[in-house]
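Trainee:
Numbering (our numbering), first residue to last: 1042 to 1329.
(1) Just list the residues that DSSP pairs residue 1319 with in beta bridges.
(2) If we ignore side chains and look at the alpha-carbon of each, how far apart do residue 1085 and residue 1115 end up?
(3) Which residues does DSSP pair with residue 1239 in a beta bridge?
(4) In the region 1044 to 1080, which residue ranges form an unbroken alpha helix (DSSP H) of at least 4 residues, counting only runs that do not cross its ends?
(5) Let me know if residue 1127 comes out buried or exposed under the rule of 16 or more other beta-carbons within 10 Å of its beta-carbon.
(6) Mind checking residue 1094: buried by the 16 CB within 10 Å criterion, or exposed?
(7) Decide if residue 1163 is buried, meaning its Cβ has at least 16 other Cβ atoms within 10 Å, or exposed.
(8) Is residue 1160 closer than 9 Å to residue 1112 when the C-beta atoms are compared?
(9) Within 10 Å of its beta-carbon, does residue 1066 have 16 or more other beta-carbons around it, so buried, or fewer, so exposed?
(10) Cβ of residue 1060 less than 9 Å from any chain D Cβ?
(11) From which residue to which residue does the beta strand (DSSP E) around residue 1094 run?
(12) Strictly by DSSP, which residues pair up with residue 1168?
(13) According to DSSP, simplified to helix, strand and coil, what is residue 1324?
(14) Pull up the distance between the alpha-carbon of residue 1072 and that of residue 1260, whole angstroms please.
(15) From the DSSP output, in three-state form, read off residue 1112 for me.
(16) If we call anything under 9 Å between Cβ atoms a contact, is residue 1203 one with residue 1190?
(17) When you compare the CB positions of residue 1078 and residue 1103, do they come within less than 9 Å of one another, or not?
(18) Just tell me which of 1283, 1124 and 1227 has its CA closest to the CA of residue 1238.
(19) Are at least three pairs of beta-carbons, each pair with one atom in the region 1268 to 1279 and one in the region 1242 to 1249, less than 8 Å apart?
(20) Just to confirm the assignment, what range does the beta strand (DSSP E) spanning residue 1296 have?
(21) Does the region 1224 to 1238 touch the region 1284 to 1291, meaning 3 or more C-beta pairs lie closer than 8 Å?
(22) Taking just the CA atoms, how far does residue 1327 sit from residue 1142?
(23) Starting from residue 1311, follow the alpha helix (DSSP H) in both directions and report where the run begins and ends.
(24) Given 8 Å as the limit, is there contact between the region 1151 to 1160 and the region 1318 to 1325, that is, 3 or more CB pairs closer than that?
(25) Compute the Euclidean distance between the alpha carbons of residue 1156 and residue 1135, then round it to the nearest angstrom.
(26) Whose C-beta lies closer than 6 Å to the C-beta of residue 1201 among residues of the same chain, with five residues either side of it excluded?
(27) Which residues in the same chain have their Cβ closer than 7 Å to the Cβ of residue 1092, if we skip the five residues on either side of it in sequence?
(28) Are the region 1301 to 1321 and the region 1177 to 1184 in contact at 8 Å, needing three or more beta carbon pairs?
(29) Kindly indicate which three-state DSSP category residue 1280 falls into: helix, strand or coil?
(30) Please list, in chain order, all residues of the same chain as residue 1308 whose beta carbon is under 8 Å from its beta carbon, the five residues on each side excluded.
(31) Check whether the Cβ atoms of residue 1043 and residue 1098 sit closer than 9 Å, and answer yes or no.
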């Protein structure tokens, strides 16, 4: 059968999340995670459904993309279809041609795992490499050390506190308690936790959300932030250790994350929390 491009709608989100869970395994190329959909869910179920694209053959999802903004498609592919030529050519055409409704005309970006064939076809169409990102991973076989700070799981009553820390951690953040509630109502949050770390005076100084993909699979940290007034005191390392411990409790085999390579402070923080740096990855970009 031919390959079908779909926007699955709200009824299709469960299938999309299930596919992403199924494709996660240790040793895989760093790729889109169900937690990435979960974090996007803060904009609501309908917005999340509108941002998802799937490519299927004979009723089976082979590739899934998340429009993380109008100009960025975050794409991943079923492991056994990474070098499927028919799929790769269809993906490249749908992505590169603005009239197919995946990405608009002008400068746009695609994130996809290393080693997938669609990258080659996009290069043939004149796409180029964009800025480097650093993937990091921590094995969760052994217990984690005590983070050294008080950490609590965020519930509805602490949603505004977490949102305030995120706003103070990321310039331009639009985090609100309502968005936390929307995220927490999403399908992926059933296997997720939001954490708050406190300093010795009882002030909330850092936060992280962790996303399990199921027992024995890699879990994701997205996002982690430290309040701008409390940086340089080890809170980033502490909350990252707590995040890894939470993922281990959820049954994750490892913890993974990405950060822009230019953010050398973040890379150093994650390494101090026991994460191992992996070779850089790059998005692909089409110039306007």
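All C-beta atoms, glycine included, are put in the ideal place defined by N, C-alpha and C.
Mentor: Reading it off the structure:
(1) Paired residue(s): none; residue 1319 is not in a bridge.
(2) 18 Å
(3) 1191 and 1245
(4) Fully enclosed alpha helix (DSSP H) runs of 4 or longer: 1054 to 1064.
(5) exposed
(6) buried
(7) Label assigned to residue 1163: buried.
(8) no
(9) exposed
(10) Looking for chain D here will not work: only one protein chain is present.
(11) 1093 to 1098
(12) None, per the DSSP bridge assignment.
(13) strand
(14) 12 Å
(15) Of the three classes helix, strand and coil, the one that applies to residue 1112 here is coil, per DSSP.
(16) no
(17) no
(18) 1283
(19) Counting Cβ pairs under 8 Å, three or more are found: they touch.
(20) 1295 to 1301
(21) yes
(22) 16 Å
(23) 1305 to 1313
(24) yes
(25) 19 Å
(26) 1218
(27) 1081, 1107 and 1108
(28) yes
(29) helix
(30) 1175, 1177, 1300, 1302 and 1318
(31) yes
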